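Written below as structure tokens is the structure these notes are about.
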Amino acid sequence: MSNTPLPATRQQSSVAASSSVIGVLTEAAKESVLKVQDYSILSYHSVANLFSRPRYMPDTVTQMDDIGTGSLPIVLLSGFFIGAVMVLQTGTQFQRFGQVSLTGDIVSLALVRELGPTITGLLVAGRCSSGIASELGSMLVTEQVDAMRAMGTNPSRKLVSPRVLAALIVVPLLTTISVFVGLLGGMVASVFSLRLSATTFWQRAIAILEFSDLMQGFSKSVVFAFILSTVGCYQGLNVRGGTQGVGRATTQAVVVSSVLIIVADTFLTKLALYLADKL
Amino acid sequence: MSAPPTSTAALGSSSEPALDFSDVWLGFEEGPILRGLSFSVQPRETLILLGETGTGKTLTLKLAAGLLCPDSGTVRALGQDITGKPERELLEFRRQVGFVFQEGALFDSLTVGENVAYRLEEDHVSEEEIGPRVGEVLRFVELEHTVDLLPSELSGGMRRRVSIARALITRPPIVLYDSPTAGLDPITSQTIITLILRLRDVYGVTALLATHRLQDGFALANFHFDPATRTVRREPTPESAAAITRFLVLRDGRIYFEGSPTAMLESPDPYLRRFLI
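So, in structure tokens, the structure goes:
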């Protein structure tokens, strides 16, 4: 049955019962492939919709506010303390070799390349991916998504694309803020704990960075933003089983997006290192 | 009475049915739910879709609105075959159909006024025009004072009435009602039925109404709204009601009975008699 062009809202039922183990595994594999297919189609449409009308810019701005402003406090707090912890952990090691000044280098590289985008991605996934899933899931079970379609609105354009675009704009900005605040935290920790001067810390932290490091961090934050927003939308629009299903989808959104972010991080790091080597 | 909120222009003057199902099958992985449905609804007619829970009433309405696509068979509405149409064209088509969902399906983050104005906002209608039109349909459902309230602040009956107002804002020639009185007290149910009567008798709206309450069907069949006196009156003869109201009973995804209110009432069939008790 093909009931909608928005694959995520399809109402196909769960895997049919099968008595044999092979049958169950086959059905589970089919179900998984189907989910990947639906997720891919939803992701494709979420981007393709941005290049044609109608576009829902007010909804995008609302989502930017929700994702960006809403996530700012946790990003600031966690960024600051992660930077500080990084200094405390690495500084003691460098002290053994009398190379405390290298602390700025290592903290800066770690934050820009890795910790900034990843921690921000995971934090925003925890906060927003779940929020998106529960919001869209609630709309689905209360027939608001169907009502939208019945009134001639494409839910993919109205609900998915603005959230994806908002995340793509806001998460890199949050990452930048997180990295900056992390360096501040690192500076404070190095001044008070390692007796390193603030000037030395900043000079080393900035001097060590290359364009490829910035690009690595930026590209990761864009990919993570795409993952957390599309996974949230996909889980929300695939809720089954009423309010209980909404709860399940919310949990799934956080788990799946967090795992995907970490997996994607590995491949992106490898790719970035390869490109940095070649270019 | 406020200005007419609906239009039957899209139906034209032809004798073509406003809605036509031809051998429609629909199923999920558990098996077929609708098994070869064939029926039609003439312009200005009200078809009462009666059946127990789970017999496919809501699915039938969603098929009529193009929200679902049948596995086989054809669905024609407003003179066009909507079976298998691409979603882009269906979105256009659905703007000509009003859909009243069972629980209202109002957007809970929008006010009543914003809910009702939703379609107009989507069509980029000017703010100067939106205000009066929203006021007009809210006056029609007698809820003008709720324009700034959120759906959560309304009672169940009020939410249904707002849902009707929202469905009417673009003046659709066909309105699909999904159990509009389900879970409501008798007085509120009567208010909803009176609204449906007014739409039918004053503005000639074609309606497909799914319900499991026989009394809703007979209320529509036995009464009419008199615009002159603005009162609901009993039909003078059963035949006059039968001309614009028909019953269609679904059982196990098939049409079990189709006929006039009188035929329904006089049927000796034990299954149908169970609805009459």
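Note that the protein sequences, when read in sequence, are chains A and B. Per our numbering, the first sequence starts with residue -9, numbered consecutively. Per our numbering, the second sequence starts with residue 882, numbered consecutively. Cβ atoms here follow ideal geometry from the backbone N, Cα and C, with glycine treated the same way. Bear in mind the structure is a predicted one, so any value in this text is a computation, not a measurement.
{"Query": "Chain B contact residues for residue 133/A, given Cβ-Cβ distances below 7 Å", "Result": "982, 984, 986"}
{"Query": "Helix, strand or coil at residue 1026/B [DSSP, three-state]", "Result": "helix"}
{"Query": "N- and C-terminal bounds of the beta strand (DSSP E) containing residue 948/B", "Result": "Premise fails: residue 948/B is in no beta strand (DSSP E) and is neither H nor E."}
{"Query": "For residue 176/A, the three-state DSSP class (helix, strand or coil)", "Result": "helix"}
{"Query": "Interface residues of chain B facing residue 144/A [CB-CB closer than 9 Å]", "Result": "968, 969, 972"}
{"Query": "Closer than 7 Å at the beta carbon, the chain A residues around residue 999/B", "Result": "141"}
{"Query": "Between the CA atoms of residue 916/B and residue 940/B - distance to the nearest angstrom", "Result": "12 Å"}
{"Query": "Per-residue contacts from residue 1003/B into chain A (C-beta, under 8 Å)", "Result": "44, 141, 142, 143"}
{"Query": "Where residue 976/B meets chain A, residues with beta-carbon distance less than 7 Å", "Result": "142"}
{"Query": "Same chain, Cβ closer than 7 Å to residue 906/B, neighbours up to 5 away in sequence not counted", "Result": "913, 915, 916, 917, 951, 952, 953, 954"}
{"Query": "Residue range of the unbroken alpha helix (DSSP H) whose run includes residue 28/A", "Result": "11 to 38"}
{"Query": "Contact set for residue 53/A: own chain, Cβ-Cβ below 7 Å, skip 5 residues either direction", "Result": "152, 153, 156"}
{"Query": "Own chain residues within Cβ distance below 6 Å of residue 1027/B, not counting five before or after", "Result": "993"}
{"Query": "Distance cut-off 6 Å: residue 974/B Cβ against heavy atoms of the ligand ATP", "Result": "With respect to the ligand ATP, the structure offers nothing, as it holds no ligand at all."}
{"Query": "Buried/exposed call for residue 1065/B, threshold 16 Cβ in 10 Å", "Result": "buried"}
{"Query": "Own chain, CB closer than 8 Å to residue 78/A, minus 5 neighbours either side, in chain order", "Result": "179, 183"}
{"Query": "Cβ-based neighbour list, residue 966/B, same chain, cut-off 8 Å, excluding 5 preceding and 5 following", "Result": "947, 974"}
{"Query": "Coarse secondary structure for residue 913/B, derived from DSSP in three states", "Result": "strand"}
{"Query": "Cβ contact check for the region 1089 to 1096 of chain B and the region 1042 to 1059 of chain B: 3 or more pairs under 8 Å", "Result": "yes"}
{"Query": "DSSP beta-bridge partners of residue 980/B", "Result": "1057/B"}
{"Query": "Secondary structure of residue 1132/B, DSSP reduced to three states", "Result": "strand"}
{"Query": "When 244/A, 161/A, 205/A are compared against residue 60/A, the one with the closest alpha-carbon", "Result": "161/A"}
{"Query": "Simplified DSSP state of residue 42/A, which is helix, strand or coil", "Result": "coil"}
{"Query": "Cβ-Cβ separation, residue 921/B to residue 900/B (assumed contact under 8 Å), whole Å", "Result": "6 Å"}
{"Query": "7 Å Cβ cutoff, residue 252/A in contact with chain B", "Result": "no"}
{"Query": "Inter-residue spacing [alpha-carbon to alpha-carbon] between residue 114/A and residue 222/A", "Result": "11 Å"}
{"Query": "Nearest-angstrom Cα separation, counted from residue 1104/B out to residue 1112/B", "Result": "10 Å"}
{"Query": "Chain A within 7 Å of residue 892/B, Cβ atoms only", "Result": "Residue placement at residue 892/B cannot be trusted, given a pLDDT of 49 that sits under 50; what the coordinates show is reported in the next sentence. Chain A contact via Cβ: absent."}
{"Query": "Buried versus exposed call for residue 971/B [16 or more other C-beta atoms within 10 Å across all chains shown]", "Result": "buried"}
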